[in-house]
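Peer 1: Once you've had a glance at the structure underneath, I'll fire off some questions.
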Amino acid sequence: SAVISQKPSRDICQRGTSLTIQCQVDSQVTMMFWYRQQPGQSLTLIATANQGSEATYESGFVIDKFPISRPNLTFSTLTVSNMSPEDSSIYLCSMTGSYNEQFFGPGTRLTVL
Amino acid sequence: GENVEQHPSTLSVQEGDSAVIKCTYSDSASNYFPWYKQELGKRPQLIIDIRSNVGEKKDQRIAVTLNKTAKHFSLHITETQPEDSAVYFCAASKGNQFYFGTGTSLTVIP
Numbered sequence: 204s205a206v207i208s209q210k211p212s213r214d215i216c217q218r219g220t221s222l223t224i225q226c227q228v229d230s231q232v233t234m235m236f237w238y239r240q241q242p243g244q245s246l247t248l249i250a251t252a253n254q255g256s257e258a259t260y261e262s263g264f265v266i267d268k269f270p271i272s273r274p275n276l277t278f279s280t281l282t283v284s285n286m287s288p289e290d291s292s293i294y295l296c297s298m299t300g301s302y303n304e305q306f307f308g309p310g311t312r313l314t315v316l
Numbered sequence: 086g087e088n089v090e091q092h093p094s095t096l097s098v099q100e101g102d103s104a105v106i107k108c109t110y111s112d113s114a115s116n117y118f119p120w121y122k123q124e125l126g127k128r129p130q131l132i133i134d135i136r137s138n139v140g141e142k143k144d145q146r147i148a149v150t151l152n153k154t155a156k157h158f159s160l161h162i163t164e165t166q167p168e169d170s171a172v173y174f175c176a177a178s179k180g181n182q183f184y185f186g187t188g189t190s191l192t193v194i195p
């Protein structure tokens, strides 16, 4: 299966600032996704990163807060904007495999002070 | 939208015993049901999956069953080992939409 990497692996940020998380896949994939996993919780889909068009956001998530880029078939970024402590979470990117399975990146652990 | 419920939220078993985790889903159009294992501080890892045209699938000590009529599916782990201790998530999917259960924290007691 493809190798998925994320940068940074963790960060501690101040309230009101923004952080951009990068996701790199070692092969071209059609679908990439961004999830949030709050401490001790399940995975919540933020948005689908579409190559060449705007991301598709799930209910409760908006582009102004979580802008996403997908410049090509191997790379995507998620920005967490104007952060507050409630944004402290693990952010994971994922990709679909040949049979529609989803594989996850290692995650970015974000702490907002 | 789809609603996936998962039970139990925590499960403790003695090493060597079996563990069963159950999930229900609401959308009859869902046709793909993966299970993920997440160890502390690690990413979720796909461990087994089943599609709606199959009723049961087995991979060594792990098996998954699917009852489409009742809209539930289960993960069975036999001969549990301490390294099976982790959080397990079920999911239901149609197309590219994945809906995850709330997770089961499994502890295998040596």
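Here the protein sequences come in this chain order: D and E.
With positions in the first sequence counted from 1, the corresponding number in my numbering is that position plus 203.
With positions in the second sequence counted from 1, the corresponding number in my numbering is that position plus 85.
Heads up, the beta-carbon is just placed ideally off N, CA and C, and yes, glycines get one too.
If you follow the beta strand (DSSP E) that E:Thr150 is part of, which residue opens it and which one closes it?
Peer 2: On the second sequence, residue 150 of chain E is found 65 positions in, with the first residue counted as 1. Residues Ile147 to Asn152.
Peer 1: Output the boundary residues of the beta strand (DSSP E) element that contains D:Tyr350.
Peer 2: The structure shown does not extend to residue 350 of chain D, since chain D is modelled only from 204 to 316, so the question has no answer here.
Peer 1: For E:Gln209 and E:Pro119, what's the separation of their Cα atoms in angstroms?
Peer 2: For residue 209 of chain E there is no data in the structure shown, the boundaries of chain E being 86 and 195.
Peer 1: Which stretch, first to last residue, makes up the beta strand (DSSP E) that contains D:Leu248?
Peer 2: In the first sequence, residue 248 of chain D corresponds to position 45, counting from 1. Per DSSP, D:Leu248 belongs to the beta strand (DSSP E) from Thr247 to Ala252.
Peer 1: So, using beta-carbon positions, are D:Ser302 and D:Ile224 closer together than 8 Å?
Peer 2: For the purposes of this step, residue 302 of chain D is taken as residue 99 along the first sequence, with counting starting at 1. For the purposes of this step, residue 224 of chain D is taken as residue 21 along the first sequence, with counting starting at 1. The question names Ser, but residue 302 of chain D is Tyr in the sequence shown. For D:Tyr302 and D:Ile224, no; Cβs fall outside 8 Å.
Peer 1: Nearest-angstrom Cα distance between E:Asp169 and E:Gly126?
Peer 2: By one-based count along the second sequence, residue 169 of chain E stands at place 84. By one-based count along the second sequence, residue 126 of chain E stands at place 41. The alpha-carbon separation between E:Asp169 and E:Gly126 amounts to approximately 15 Å.
Peer 1: Check the C-beta distance from E:Ser94 over to E:Thr187 and give it rounded, since I have them as a contact under 8 Å.
Peer 2: Mapped onto the second sequence, residue 94 of chain E falls at position 9. Mapped onto the second sequence, residue 187 of chain E falls at position 102. The C-beta distance from E:Ser94 to E:Thr187 rounds to 7 Å, short enough to fall under 8 Å.
Peer 1: Does the ligand GTP have a heavy atom nearer than 7 Å to the CB of D:Val232?
Peer 2: Absence of the ligand GTP from the depicted structure is noted, as is the absence of any ligand whatsoever, leaving it without description.
Peer 1: Check whether the Cβ atoms of D:Met286 and D:Leu246 lie closer than 8 Å to each other.
Peer 2: Counting from one through the first sequence, the residue named residue 286 of chain D turns up at place 83. Counting from one through the first sequence, the residue named residue 246 of chain D turns up at place 43. No, they are not a contact pair.
Peer 1: Buried or exposed for E:Gln145, going by 16 or more other Cβ atoms inside 10 Å?
Peer 2: Translated into the one-based positions of the second sequence, residue 145 of chain E becomes position 60. If you draw a 10 Å sphere on the C-beta of E:Gln145, you find fewer than 16 other C-beta atoms in it, and that means exposed.
Peer 1: Checking contacts by CB at 8 Å: is D:Gly263 closer than that to chain E?
Peer 2: Along the first sequence, read from residue 1 onward, the residue named residue 263 of chain D stands at position 60. With 8 Å as the cut-off, D:Gly263 does not count as an interface residue toward chain E.
Peer 1: Using a beta-carbon distance below 8 Å, is D:Ser208 in contact with chain E?
Peer 2: Sequence index remark: in the first sequence, residue 208 of chain D carries index 5 (1-based). Not closer than 8 Å to any Cβ of chain E, the Cβ of D:Ser208 fails to qualify, so no.
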